[in-house]
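Down below is the structure, laid out as structure tokens.
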Amino acid sequence: MAQANPLAARSPVRTLLTRLAPTLAFCLLVLLPGCQGHDGPRQGQVTVVFKHGKIAGDPESFARLIARFEDLNPDIRVKDEPLPATTDEQHQFYAINMEGESSDFDVLSMDVVWVPEFARAGWLRNLSDVLPPARRDSFFSAPMTAVTYGGNVYAIPWYIDAGVLYYRKDLLEKYGFAPPTTWLKLVRAASHIAKMEPDMYGFVWQGKQYEGLVCNVLEYMWGNGGDVIQAGDVVIDSPQNREALDFMKDLIFRYEVSPALVTTSIEETTRHIFGNGRAVFMRNWPYAWTIFERPGSPVRGKVGVAMLPRFPGHETASTLGGWQLGVNAYSEHPKEAERLIEFLTSYESQKTLALTVGYKPTLKSLYADPELRGAQPFMAGLYEIMEHARPRPVTPYYMMISQVMQPEFSAALAGVKDTEEALASARRQIQFILRTED
Ligand code: GLC
Numbered sequence: 072m073a074q075a076n077p078l079a080a081r082s083p084v085r086t087l088l089t090r091l092a093p094t095l096a097f098c099l100l101v102l103l104p105g106c107q108g109h110d111g112p113r114q115g116q117v118t119v120v121f122k123h124g125k126i127a128g129d130p131e132s133f134a135r136l137i138a139r140f141e142d143l144n145p146d147i148r149v150k151d152e153p154l155p156a157t158t159d160e161q162h163q164f165y166a167i168n169m170e171g172e173s174s175d176f177d178v179l180s181m182d183v184v185w186v187p188e189f190a191r192a193g194w195l196r197n198l199s200d201v202l203p204p205a206r207r208d209s210f211f212s213a214p215m216t217a218v219t220y221g222g223n224v225y226a227i228p229w230y231i232d233a234g235v236l237y238y239r240k241d242l243l244e245k246y247g248f249a250p251p252t253t254w255l256k257l258v259r260a261a262s263h264i265a266k267m268e269p270d271m272y273g274f275v276w277q278g279k280q281y282e283g284l285v286c287n288v289l290e291y292m293w294g295n296g297g298d299v300i301q302a303g304d305v306v307i308d309s310p311q312n313r314e315a316l317d318f319m320k321d322l323i324f325r326y327e328v329s330p331a332l333v334t335t336s337i338e339e340t341t342r343h344i345f346g347n348g349r350a351v352f353m354r355n356w357p358y359a360w361t362i363f364e365r366p367g368s369p370v371r372g373k374v375g376v377a378m379l380p381r382f383p384g385h386e387t388a389s390t391l392g393g394w395q396l397g398v399n400a401y402s403e404h405p406k407e408a409e410r411l412i413e414f415l416t417s418y419e420s421q422k423t424l425a426l427t428v429g430y431k432p433t434l435k436s437l438y439a440d441p442e443l444r445g446a447q448p449f450m451a452g453l454y455e456i457m458e459h460a461r462p463r464p465v466t467p468y469y470m471m472i473s474q475v476m477q478p479e480f481s482a483a484l485a486g487v488k489d490t491e492e493a494l495a496s497a498r499r500q501i502q503f504i505l506r507t508e509d
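Next up, the structure:
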């Protein structure tokens, strides 16, 4: 005799489950995958993989920005994957993977000096329609030039950088120094204050053998009337450049205002030293200021930002830096990738990134944004610095040229090679690259 299962008859839980069965089935099929959040894509959803450098300022707000994009674009899930800290390591990652036609990532963040090289290699999707000519003027012109190759736009400027001088306002005031406008004034102030204050370095900067070293050295060379290539001629071994590089060496060995550790320092090394209150001056990019002003920062309210000093008779010079977003030519989701780029480079996203992470906008109008200026008063002065920042040579062979300059500059700074010899050797190698690649 068929006996009804007593449990089936009596258990309220079972009854409830039976009644809810159709709803639960629906949830399992349709909704549950969506509840996985960042662990997996929902049905019909496309995953866009976004590679970029480590976010130094505020990774949580960056994650919130990505989540906002996902809310607005429910058909896209973003997997963001940070790469190692230095630009050189990131370049190597992209070069190896795109050479191998990898479709493992869709959106890539590119240093301002790479776009011509990547575009020439056919690794980037043409984004000219994403950024039509009428909208190009709203961006700073130097990064716009950097992302344009053969008349087409291959990336959208995301944030802009220029070398600036950070100084300890409180200490300069205490010892009666004004923010230095020449390098020798900096030496005087740094040397005096570092002697008077315990455990204090005078001036820290990025001198490790990598791209950041080239950015630093060029600022002294340009600020002394020198250059690398002028009207097609390689002029890197000029007397002005020798003087500039020797001066950097003197900062360490003669004036002793920069500790020897600068020769192995990258941006974050120096940012930590200065941020812990252990240096009077620092050369860095503008992102660091937002970090210094966070609650709990030992230097909060004590930091000033100025243009880099110059040599007498010359103009100050900042290296143009910054990062651009492009789409991998081998991406299987190029349209979705473009939507992410449009979102991240929009006015609102650039503003959020400026306020939270400290990345400086590539859209010129943001420098007049009242909220941004209120939160970061030095934004006003940054506009001028950004407008005049000098690009490193804009050529598809830039990284080859840089890889010649890096070891030569580094050897000269460390004193293992005579400056004249290092620059002459750099000239010969750069001439060779330009002759063979043309
Ligand atoms: C910053 C700049 C980039 C430069 C790099 C050097 O990331 O934005 O352009 O190449 O520093 O370390």
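Just so we're aligned: the sequence shown equals residues 72 to 509 in our numbering.
Cβ coordinates follow ideal geometry from the N, Cα and C atoms, glycine included.
Continuous beta strand (DSSP E) stretch holding residue i: start and end
i    : result
I147 : 147-154
H123 : 117-124
Y272 : 272-275
L195 : Neither: L195 is in no beta strand (DSSP E) and is coded neither H nor E.
F352 : 350-355
L434 : Premise fails: L434 is in no beta strand (DSSP E) and is neither H nor E.
M457 : It is not in any beta strand (DSSP E) - M457 instead sits in the alpha helix (DSSP H) that spans 450-459.
Residues near residue i in its chain [Cβ-Cβ closer than 8 Å; skip 5 each side]
i    : result
P478 : Q280
K422 : P432, L437, D440, E442, L443
G346 : A359, I362, F363, S368, P369, V370
D146 : G115, Q116, V117, E407
A92  : Here A92 scores only 48 on pLDDT, less than 50, and its place in the model should not be relied on; the value that follows carries that caveat. So no residue of the chain qualifies.
DSSP beta-bridge partners of residue i
i    : result
Q114 : Its beta-bridge partners do not exist; DSSP assigns none.
R342 : Looking at the DSSP assignment, R342 forms no beta bridge with any residue, so it has no partner.
F210 : L434
L396 : S180, I227
L391 : A233
T253 : R381
Buried versus exposed call for residue i [16 or more other C-beta atoms within 10 Å across all chains shown]
i    : result
D308 : buried
F503 : exposed
L243 : buried
Y418 : exposed
P214 : buried
Q161 : buried
M267 : exposed
F324 : exposed
D200 : exposed
N312 : buried
S336 : buried
V149 : buried
A226 : buried
Range covered by the alpha helix (DSSP H) that runs through residue i
i    : result
Q500 : 490-508
Y246 : Careful: Y246 lies outside any alpha helix (DSSP H) and carries neither H nor E.
P228 : Element bounds for P228: not the alpha helix (DSSP H) but the beta strand (DSSP E), 227-233.
M471 : 469-485
W185 : No alpha helix (DSSP H) holds W185; DSSP gives it neither H nor E.
L289 : 282-293
Q311 : 310-324
T334 : Segment: none, T334 is in no alpha helix (DSSP H) and carries neither H nor E.
G67  : Missing from the structure shown is residue 67; the chain here goes from 72 to 509 and no further.
A127 : Taken as a continuous stretch (DSSP letters only), A127 belongs to no alpha helix (DSSP H), as it is neither H nor E.
Residue i, DSSP secondary structure in three states
i    : result
K406 : helix
Y220 : strand
I264 : helix
T416 : coil
I300 : strand
L202 : coil
D175 : coil
F164 : helix
Y237 : strand
V374 : strand
L379 : coil
V465 : coil
V305 : strand
T423 : helix
R530 : Outside the displayed span of the chain (72 to 509) sits residue 530, for which this structure offers no information.
D159 : helix
R365 : coil
Residues near residue i in its chain [Cβ-Cβ closer than 7 Å; skip 5 each side]
i    : result
C106 : Here the model assigns C106 a pLDDT of 38, short of 50, so the residue's position is not dependable and the matter cannot be decided.
G392 : V183, D232, A233, C286, W356
A400 : G193, W194, L195, R196
Residues near residue i in its chain [Cβ-Cβ closer than 6 Å; skip 5 each side]
i    : result
W394 : S180, W229, Y230
I300 : P464
L322 : V328, S329
A377 : L236, P250
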